[in-house]
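Asks:
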Amino acid sequence: MVLDLLRLALFPALMAYAAASDLFTMTIPNRVSLLLIAGFGVLAIAGGMPLALIGSHAGAGALVLVISFACFAFGWIGGGDAKVAAAAGLWFGFGHLLDYLVYASLFGGGLTLLLLQMRQWPLPYALGGQQWLLRLHHKDSGIPYGIALALGALTIYPETDWIKAVDLSRFVLP
């Protein structure tokens with residue numbers, strides 16, 4: 000039952016935290032990526048994932064890390080975004096990686112367009128005291144891409160073997 004609860008809650012909670020952190024501070028703490036990696040390891044081993052499949056998932060995470068750090072080097076995303084994307088790639092493996100990256104890109108494009116449009120208008124006076132909103136509204140500020148990464152991840156996660164392995168009958172009241 001604990002394993003099922005962890006499968007249901009750990010990844011979504013950490014991705015939601017990454018999104019909220021990026022929204023409010025424009026940073027994603029390293030501990031989020033480290034917890035995602037550690038959580039994958041614990042759940043993969045406890046769930047009996049074959050070593051070859053763990054290696055394949057690690058390869059997917061490494062591929063995303065290389066690509067996302069190239070995007071970071073060009074200034075397109077932040078370093079925290081790159082690390083969280085790679086950690087999510089670890090969880091998805093190659094089986095769901097492309098879907099995840101497509102959704103994250105689509106959500107990222109929509110978020111970018113929304114913020115660029117929002118930044119064309121003055122911030123209402125009543126909201127001017129919110130530091131995080133001022134930072135988000137500033138024209139020279141980046142895009143909190145962690146939001147798009149989390150939305151993409153939370154869209155794909157229910158389709159993964161992590162959720163399919165959960166015995167939902169344990170959670171039904173008699």
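For the sequence shown, the tail end lands on 173 under numbering that gives the first Met the number 0, and the numbers increase by one without skipping.
Here a beta-carbon is modelled for each residue, glycine too, at the ideal position from N, C-alpha and C.
All values derive from a computational prediction rather than experimental measurement.
1) Expressed to the nearest angstrom, what Euclidean distance is found between the alpha-carbon atoms of Phe106 and Asp166?
2) Residues in its own chain within less than 6 Å of Val63 by CB, not counting five upstream and five downstream?
3) What would DSSP say about Ile27, mapped onto helix, strand or coil?
4) Kindly indicate which three-state DSSP category Gly74 falls into: helix, strand or coil?
5) What residue from Met25, Leu34, Thr24, Gly78 has the CA that sits closest to Met14's CA?
6) Tell me which residue opens and which closes the alpha helix (DSSP H) that His136 is part of.
7) What would DSSP say about Leu122, mapped onto helix, strand or coil?
8) Could you work out which residue in Met0, Asp3, Phe10, Leu5 is closest to Ala149 when comparing CA atoms only?
9) Taking just the CA atoms, how far does Leu122 sit from Ile76?
10) For Tyr16, which of Ala125, Cys70, Pro143, Gly109 has the nearest alpha-carbon?
11) How about Leu132 and Leu126: do their beta carbons lie closer than 7 Å?
Replies: The short version:
1) 31 Å
2) Ala84, Ala85, Gly88
3) coil
4) coil
5) Leu34
6) 130-136
7) coil
8) Phe10
9) 25 Å
10) Pro143
11) yes
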